[in-house]
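J.: My questions all concern the structure below.
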Amino acid sequence: MPPPTFVPQIARQFSQKRRTVKAAVCPVRMATPNARKTVVANRLRDVFLDPKSGSARYETVFLDQFGVVHDGQTPYPSAVQCIGTLATEYGVRIVVLSNSSRRATHAIEKLRDSFGVHPDWIFGVVTSGEVAHCLLEGRGKRAKDMLGLELGARVLHTNWSERGRIQLNEAFEPVGTDTDRTDFVLTHGVEGVSVREADADAVLRMAFPEMLALMRNAAKNDRPLLCANPDMVTVDGGQLRDMPGKLAAEYERHGGPVYRLGKPEAIAYQFACQMLTESTGEVIDRSSILAIGDSMQHDIAGACAFGIDSCYIAGGINAEAFGLKADPSIPSTEWGIPDVSVAETVAEIARIETTSSCSPTYSIPFFRWD
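Residue numbers for the sequence shown follow full-length UniProt numbering, so the first one is 1 and each next one is one higher.
See the structure below:
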């Protein structure tokens, strides 16, 4: 029997074209996991280029967004420039791999319109929200094919309100806070739960402690939870904000089964590799991929588990641990690097935040080329 198919809205060069890809593990050659100690540098070019030939060590970059390219509101000029350099001067395929609960098209539009990323620089975008959308299409048929889940129609749906409500698939009925009626839990946001009012969906606002209590209560029924954003926190205008990953963790802590649809789980990397294979017709060698992100728990742990090299951005969500602060209003060359043992701090964060012994291949303060 051929493997089931799904249709991810993964955009290449900001196209709206949809393509069908197979749900089997992407045909990539395994690379030997990197066992070297973390190499610390001040800028990406110092680790990305071969010192002898000057050529790029990697053909593809899996790039995180928040805390790397922008702070949720303001782009980091050096990061946008770095994307352009990688794409135009070295022909690197940039795949934005994000735990955002939004659809890929939303991420594409925001990168272009709000953060000034040129369309031609981006090869593709994969978001956790897109993965969730694909699994829920066809009344959850693909969730059954890929995860072995019979979801049912009634869903406890955590959502955003102020940050912009995410529309629930019309095949599913939101149950509000009625945990006894729900067939499964879907976490898109942390500001409330979806309710149906007069044949239209709305969001019932709830405080975050109330959301956590709701997860504890829902976990008693042992229904599956699909987490459409596994991040625990994110950078939002320089502040850290709670994210759906915390709801999933609370649910799991009280015995509920959780399926995380983004980093560090393999499904996110499989989507990205399949998109590459379908677009290029090539067998993708994992040693040709570099993952870049600021979350040890998601970006680095996920890259290690998938067998690809990684570059940790110290000036993201853990910036305070390094005494770093990205200021988009001044040139990145003036941000300065503190006189601390960066390597030791990176190793300590890796030890605290990951359950494995993985460490990033490289670490740099910020995502900048020069």
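Note that beta-carbon positions come from the ideal geometry of N, C-alpha and C, so glycine has one too.
With DSSP run on the structure shown, which of helix, strand or coil describes residue 311?
T.: Strand, per DSSP.
J.: I'd like the list of long-range same chain contacts for residue 81, defined as Cβ closer than 7 angstroms, with 5 residues on each side in sequence excluded.
T.: Closer than 7 angstroms at Cβ, skipping near neighbours: 369.
J.: If we count the other Cβ atoms within 10 Å of its Cβ and call it buried at 16 or more, is residue 246 buried or exposed?
T.: Buried is the call here.
J.: Who are the near neighbours of residue 39 in its chain, counting only those whose CB is closer than 8 angstroms to its CB and skipping five residues on each side?
T.: So the list reads 47, 361, 362, 363, once near-sequence residues are dropped.
J.: Suppose you measure from the CA of residue 99 to the CA of residue 242; what does that come to, to the nearest Å?
T.: When rounded, the distance between both Cα atoms is 13 angstroms.
J.: When the distance is taken between beta carbons, is residue 277 closer than 7 angstroms to residue 284?
T.: Yes.
J.: For the pair the segment 116 to 123 and the segment 133 to 149, tell me if three or more CB-CB distances fall below 8 angstroms.
T.: The segment 116 to 123, when compared against the segment 133 to 149, does not touch it at the 8 angstroms Cβ threshold.
J.: I'd like to check one pair, residue 173 with residue 154: are the Cβ atoms closer than 7 angstroms?
T.: Yes; because the gap between Cβ atoms is below 7 angstroms, this pair is in contact.
J.: Would you tell me roughly how many angstroms separate the C-alpha atoms of residue 185 and residue 225, rounded to the nearest one?
T.: Their Cα atoms are separated by approximately 4 angstroms.
J.: Please say whether residue 74 and residue 102 have beta carbons closer to each other than 7 angstroms?
T.: Not closer than 7 angstroms, so no.
J.: Within this structure, are the beta carbons of residue 250 and residue 212 separated by less than 7 angstroms?
T.: Yes, they are a contact pair.
J.: Rounded to the nearest angstrom, what separates residue 108 and residue 254 at their Cα positions?
T.: Going from the Cα of residue 108 to the Cα of residue 254 covers about 36 angstroms.
J.: Would you identify the three-state DSSP class for residue 140, choosing helix, strand or coil?
T.: Residue 140 falls in the helix class under three-state DSSP.
J.: Tell me the DSSP bridge mates of residue 261?
T.: In the DSSP output, where bridge partners are listed per residue, residue 261 has none listed.
J.: For residue 287 and residue 210, I'd like the C-alpha separation in whole angstroms.
T.: Roughly 44 angstroms between the two C-alpha positions.
J.: Residue 317 and residue 190 - do their beta-carbons sit closer together than 7 angstroms?
T.: No, the pair does not count as a contact, with Cβ atoms beyond the cut-off.
J.: Under the rule that 16 or more other beta-carbon atoms within 10 Å means buried, what is residue 55, buried or exposed?
T.: By the 10 Å Cβ count, residue 55 comes out exposed.
J.: Considering Cα atoms alone, identify which of 57, 42, 111, 201 is closest to residue 76.
T.: Comparing Cα positions, the closest option is 111.
J.: Distance, Cα to Cα, residue 303 vs residue 272?
T.: So the two alpha carbons sit approximately 12 angstroms from each other.
J.: For residue 371, which three-state DSSP category applies?
T.: Outside the displayed range of the chain (1 to 370) lies residue 371, so it cannot be described from this structure.
J.: Leaving aside the five residues before and after residue 43 along the sequence, list all residues of the same chain whose C-beta is less than 7 angstroms from its C-beta, in chain order.
T.: For residue 43, where only same-chain residues beyond five positions count, the Cβ hits under 7 angstroms are 364, 368, 369, 370.
J.: Give the range of the beta strand (DSSP E) segment to which residue 239 is assigned.
T.: 239 to 242 is the span of the beta strand (DSSP E), which, as asked, contains residue 239.
J.: Between 51, 227, 222, which has its C-alpha nearest residue 260's C-alpha?
T.: Selected option, being the one with the closest Cα: 227.
J.: Do you know whose CA, among 252, 181, 206, lies nearest residue 216's CA?
T.: Of the listed residues, the one whose Cα sits closest to residue 216 is 252.
J.: Classify residue 128 as helix, strand or coil using the three-state DSSP reduction.
T.: Residue 128: helix per DSSP, three-state reduction.
J.: Quick one: is residue 37 buried, meaning 16 or more other Cβ sit within 10 Å of its Cβ, or exposed?
T.: Exposed is the call here.
J.: Contact defined as beta carbons within less than 8 angstroms: I believe residue 203 pairs with residue 161. What is the distance between those atoms, to the nearest angstrom?
T.: With a Cβ gap of about 5 angstroms, residue 203 and residue 161 count as contacting.
J.: For the alpha helix (DSSP H) holding residue 60, just list the boundary residues, first then last.
T.: No alpha helix (DSSP H) contains residue 60, which is instead part of the beta strand (DSSP E) from 60 to 63.
J.: Residues bridged to residue 304 by DSSP?
T.: DSSP lists no partner for residue 304.
J.: Taking all protein chains shown into account, do 16 or more other C-beta atoms lie within 10 angstroms of the C-beta of residue 205, making it buried, or fewer, making it exposed?
T.: By the neighbour-count rule (16 or more Cβ atoms within 10 Å), residue 205 is not buried but exposed.
J.: With distances taken Cα to Cα, identify the nearest neighbour of residue 296 among 148, 233, 219.
T.: Cα-wise, what sits closest to residue 296 is 233.
J.: Could you tell me the alpha carbon to alpha carbon distance between residue 117 and residue 240, rounded to whole angstroms?
T.: Approximately 24 angstroms between the Cα atoms of the pair.
J.: Can you give me the start and stop residues for the beta strand (DSSP E) that residue 234 sits inside?
T.: Unbroken beta strand (DSSP E) run through residue 234: 233 to 236.
J.: In whole angstroms, give me the CA-to-CA distance for residue 147 and residue 52.
T.: Each residue's Cα considered, the two are about 46 angstroms apart.
J.: Tell me the rounded alpha-carbon separation between residue 97 and residue 293.
T.: Cα to Cα, residue 97 sits roughly 9 angstroms from residue 293.
J.: Could you tell me how far apart the beta carbons of residue 156 and residue 218 are, in whole angstroms, since I believe they sit closer than 8 angstroms?
T.: About 6 angstroms separates the two Cβ atoms, so the contact holds.
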